[in-house]
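Have a look at the structure below before the remarks.
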């Protein structure tokens, strides 16, 4: 047998399939269909954990996701995973779980001394005590608190999660939350009306409350059959709706069933992002606790949970239960257990009388009316209770468990997130919340309509209304007459707390007592949200589901205000803990971000390139796997001495066409393009509206109304968006078409004194002489037989061409150039050599175009148009931006040529070495000049050319004397590029 | 290209792709000129096929024309000839890569990245849309032959790897290249 | 999460759009003062209530949309092209 408390056949458990598992080292047996909690209870295990703050022994309190206490660490192939809810964790063969927050063992926990010190550790204790001295928090207090508090230990071996989770996007006409009687009835109505329905339910099986009442099994099976036959209804089991995010968007978390898990390669969770036109909240109501001293002793459980364990798993929460309840609904547990021959020792009901109480008495069960539980005997398990009658007399009762119920609170979290206002109902002593129209509706117990039949009818009514809103007529479900009747119930009497000596908990997970709530009120934290933050009530993973309203009621009493006015805390997403893996979905590791590859990626790889990630791009850094600068300098030297070819396909390219193309470019660039001749290119700078430099690049005029804009690699997407925005928002009168052609064209720079000869042998029918094709010329050309484009532009400072061919043909053109250049010693060069060359030449890149520099700062002031409007014109002309002490672009070289530079090195005057005057933005060993060269942004830099400063890099412990030079350190007259 | 029920087939679709973008108030002129050359320009958010050539429209007053591959640039030059003055003609044959996904499980598989509702009633045959999938741009079009997917060339490998990996649990078969005429619903030659 | 009804593409997730700020202030022209440009570039109201703003549909049609959104409830009650404007609100007497 699988434990002494297994007294009946459960709805979900299969007696033919026993499973072995271990808890805290003990071998135990359960059944397929059990949760860890039901299997532990079946084995008679009551103590399952220690509490968060006081380390008090704790047991299983609920039978679902609202569980505050039965959290365990699960030890599996994926390592140790903390904070698993025993109440929802499906048992499987070989499961290993251990209890949390105890040392050395669950039975003997040293820190349980906190419980004895409890009067010195009230709410707010941390805030007040660990204040001073300041250093002590990090070094002393926090490590101590971390050891003492907290829940489980995280030690998951992340690498073993091949595919832990995925994200799926879903769409529906109606999202039905909850598959109890209301949700099932609603889904059937909506589906019959032809609407697309997503029916999300947390449980492993649909039915909700009907699973606990055998009279309902026929109805449930019939309606589930009907729903399964509806092609537009999808039912998601094990799926929790985590939050409502407005505009019909909901986050849900689906835990995969074992067979689904296997099919998806071990996938555990699926985060479904649902977009629904309407939502139907049929998420039921949750039972709440009563605050009385000792209401946390293992063996104290919600009455409804005990019914769940009996019906679902055939397990008795105890064999000698005592009940403490204030509502007729909870008597169902009394009757069900009695039917299974587990007779209550007594039912303690603070109400004077009631219909259910009368029925219990008829069945021979003692009901102590008008009484309360004022003490629980036992520490690691209930041994009995002390009952106090209306007249103050007390009485001792023996029991092995105490099943409590303080009434039921409709689940209002999702409705509140949708913007609903809470409404107080004295009839059920709870708040309800109706989602604002047109977001959706609530139905059944979720809006305070209790009783399975009443809820089913309410679900049907709500569904019919939603169908009408969505333009459908829904046929009558006709399930009404056949519904089992709801018991005739006497209304509850609101009952929250028994004030007697001892700790009466309102939040079991965060160890918050009713006294803590009163303390918060005394200290001035009278608002329910302030009370929450002061006490941490409802801030744990269970969001205070079973005690939040009780805490609010205690606060209301302390304030002397009605509970309706005090309200309850706003529940925020997520309604349940969500593993980070589920939020990340598939975008992890190789899929974390896309890799952009240049058209010649495979060639570069074969050529032995080392790649570097720049943004999304993989770019060849250097054609060598060897470390150090020598391979880079060899490539750069080839460019300066003979010829080199480099892949610049990553540059952004935007095709600009239309009658107003030139006018548009004049507006977006700080310099003029309307004067550019067809067949010519021009270097352009773009400013932001605040006058700062945004981007640079060459733009070519391919025809009277046709331009090709190139952007920096880093800003290509941003520039396109900037142009599209201004074209549509600001220049609406202009007729211009922008097309991103970045991926269409592969582009290569061929640079070096022999570049003309190399190009001449691959380009047909173009006169390449300086007269016919001078610096900054642009033309259509046939390159190695491919129709492409040729530009005479140079980033390296050498005689250079850039050729562009359709990306598909890139290998042909590239290899033709290499073949043609081999006799001149052409070499491919990577990003590092490109950088070396441009730094020597004083050309800027995103290191200098950093968003804080102006045209003037980088020496472009003469490029700015004198007339006409352009983006950045007005604010760029602010006098402050022309201040002579701004950071300006200069070149720097170490005085001792043997010393090196570092990017980020600060420039300081020797007499005030702690005042930074600027910093090195780019640096490289030079091929043309001796030693290192660098570019720097230096306060009043142009004035300082010719002076000496110190370059300091404290993290490297370096101080280097530098000379400040013109940024154009090589061929300032541009003779090479024009040669 | 038939697999087991629910299985997914993935094929590449070599195609010349040219974008036509009408200048202001010239969309109807452009459509007329295109029609004269046996191109049917699709309505917004749709596809149109004629004479073995496919057009999609996912941006207002812009069309992507898919034709059987010719020499690089040739298709674009022809189209430029066709609509001179009415709009911009831009060759995107190298900029976009086309895949064809077929099989009943394709919408379910794509829902792992695609935020659009690809269910049959919401996105029936003849529909086209631009969106973002696995962080990269994607154009989707539902054709009789399956779901056509166009994506930028430099991130196409990333997207293809994702498609292959994500399709595995549904059963994936790699199919031979699909021709543009097959996309148009004509039998493969 | 916002779902924005794009007039060209249909209702799409916020993730496909890029926010481009206040759509009620036109860019000053060359004749305007530095102060006007300063207000245009840096001045940002933070209204409680309805707000007209630019959203660029970069993940779809790449068209710029004018969107009227409630800054508290996030409700979107009007979306149009850059030229269009929502009907003026009927003032309660």
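Chains as they are written, first to last, in our numbering: chain A, -10 to 968; chain B, 4 to 192; chain C, 3 to 95. We put the beta carbon where it would ideally sit given N, CA and C, even for glycine.
Where residue i falls, given that 16 or more other Cβ within 10 Å makes a residue buried
i: residue 474 of chain A; result: exposed
i: residue 432 of chain A; result: buried
i: residue 830 of chain A; result: buried
i: residue 270 of chain A; result: buried
i: residue 352 of chain A; result: exposed
i: residue 48 of chain C; result: exposed
i: residue 10 of chain C; result: buried
i: residue 643 of chain A; result: buried
i: residue 240 of chain A; result: buried
i: residue 248 of chain A; result: exposed
i: residue 969 of chain A; result: This structure cannot speak to residue 969 of chain A, because chain A is shown only from -10 to 968.
i: residue 96 of chain B; result: buried
i: residue 42 of chain A; result: buried
i: residue 499 of chain A; result: buried
i: residue 132 of chain B; result: buried
Three-state class that DSSP yields for residue i in the structure shown
i: residue 696 of chain A; result: strand
i: residue 20 of chain A; result: strand
i: residue 473 of chain A; result: coil
i: residue 528 of chain A; result: coil
i: residue 569 of chain A; result: helix
i: residue 960 of chain A; result: coil
i: residue 709 of chain A; result: helix
i: residue 510 of chain A; result: helix
i: residue 630 of chain A; result: helix
i: residue 2 of chain C; result: No answer is possible for residue 2 of chain C: it lies beyond the span of chain C, which begins at 3 and ends at 95.
i: residue 842 of chain A; result: coil
i: residue 683 of chain A; result: strand
Per DSSP, the bridge partner or partners of residue i
i: residue 53 of chain C; result: C/71
i: residue 85 of chain B; result: Looking at the DSSP assignment, residue 85 of chain B forms no beta bridge with any residue, so it has no partner.
i: residue 734 of chain A; result: A/795
i: residue 717 of chain A; result: Answer is none; residue 717 of chain A lacks a bridge partner.
i: residue 312 of chain A; result: A/336 and A/392
i: residue 914 of chain A; result: A/921
i: residue 240 of chain A; result: A/232 and A/262
Cβ neighbours of residue i in the same chain (closer than 6 angstroms, five flanking residues each side left out)
i: residue 184 of chain B; result: 55
i: residue 359 of chain A; result: 341 and 379
i: residue 264 of chain A; result: 160, 237 and 238
Cutoff 7 angstroms; reference residue i; Cβ partners in own chain excluding five residues on either side
i: residue 202 of chain A; result: 441
i: residue 425 of chain A; result: 407, 408 and 409
8 angstroms CB neighbourhood of residue i in its chain, flanking five on each side removed
i: residue 566 of chain A; result: 72 and 530
i: residue 83 of chain B; result: 92
Any non-hydrogen atom of the ligand MN closer than 7 angstroms to residue i Cβ
i: residue 175 of chain B; result: The model on display carries no ligand, and the ligand MN is accordingly not part of it.
When you compare the region 879 to 895 of chain A with the region 909 to 924 of chain A, are there three or more beta-carbon pairs, one atom per stretch, that lie closer than 8 angstroms? Yes, the region 879 to 895 of chain A touches the region 909 to 924 of chain A.
Report yes or no: do three or more beta-carbon pairs, one from the region 651 to 661 of chain A and one from the region 751 to 760 of chain A, lie closer than 8 angstroms? Flag = no, the region 651 to 661 of chain A and the region 751 to 760 of chain A do not touch.
Please confirm if the region 726 to 738 of chain A is in contact with the region 762 to 769 of chain A, defined as three or more CB-CB distances below 8 angstroms between the two stretches. Contact between the region 726 to 738 of chain A and the region 762 to 769 of chain A is absent, because fewer than three Cβ pairs lie under 8 angstroms.
Between the region 551 to 568 of chain A and the region 390 to 408 of chain A, are three or more C-beta pairs nearer than 8 angstroms? Yes, since at least three Cβ pairs between the region 551 to 568 of chain A and the region 390 to 408 of chain A fall closer than 8 angstroms, the two stretches touch.
State whether the region 164 to 173 of chain A contacts the region 197 to 210 of chain A, with contact taken as three or more CB pairs (one from each stretch) at a distance under 8 angstroms. Yes, the region 164 to 173 of chain A is in contact with the region 197 to 210 of chain A.
Three or more C-beta pairs closer than 8 angstroms, one from the region 16 to 28 of chain A and one from the region 301 to 312 of chain A: is that the case here? As far as the Cβ criterion goes, the region 16 to 28 of chain A touches the region 301 to 312 of chain A, which means the pair count is three or higher.
Examine the Cβ distances between the region 45 to 65 of chain A and the region 83 to 93 of chain A and report whether three or more of them are shorter than 8 angstroms. Because the criterion of three Cβ pairs below 8 angstroms is met, the region 45 to 65 of chain A and the region 83 to 93 of chain A touch.
Meets three-Cβ-pair contact criterion under 8 angstroms: the region 814 to 829 of chain A and the region 903 to 920 of chain A: Yes, they touch.
Inspect the CB distances between the region 210 to 229 of chain A and the region 9 to 20 of chain A and report whether three or more fall short of 8 angstroms. Not touching, per the Cβ criterion.
So, do the region 799 to 808 of chain A and the region 620 to 631 of chain A have three or more beta carbon pairs nearer to each other than 8 angstroms? Under the three-pair Cβ rule at 8 angstroms, the region 799 to 808 of chain A does not count as touching the region 620 to 631 of chain A.
Sufficient close CB pairs (3 or more, under 8 angstroms) joining the region 477 to 494 of chain A to the region 534 to 542 of chain A: Here the region 477 to 494 of chain A makes contact with the region 534 to 542 of chain A; the two share three or more CB pairs at distances below 8 angstroms.
So, do the region 383 to 401 of chain A and the region 274 to 290 of chain A have three or more beta carbon pairs nearer to each other than 8 angstroms? Output reads yes: the region 274 to 290 of chain A touches the region 383 to 401 of chain A.
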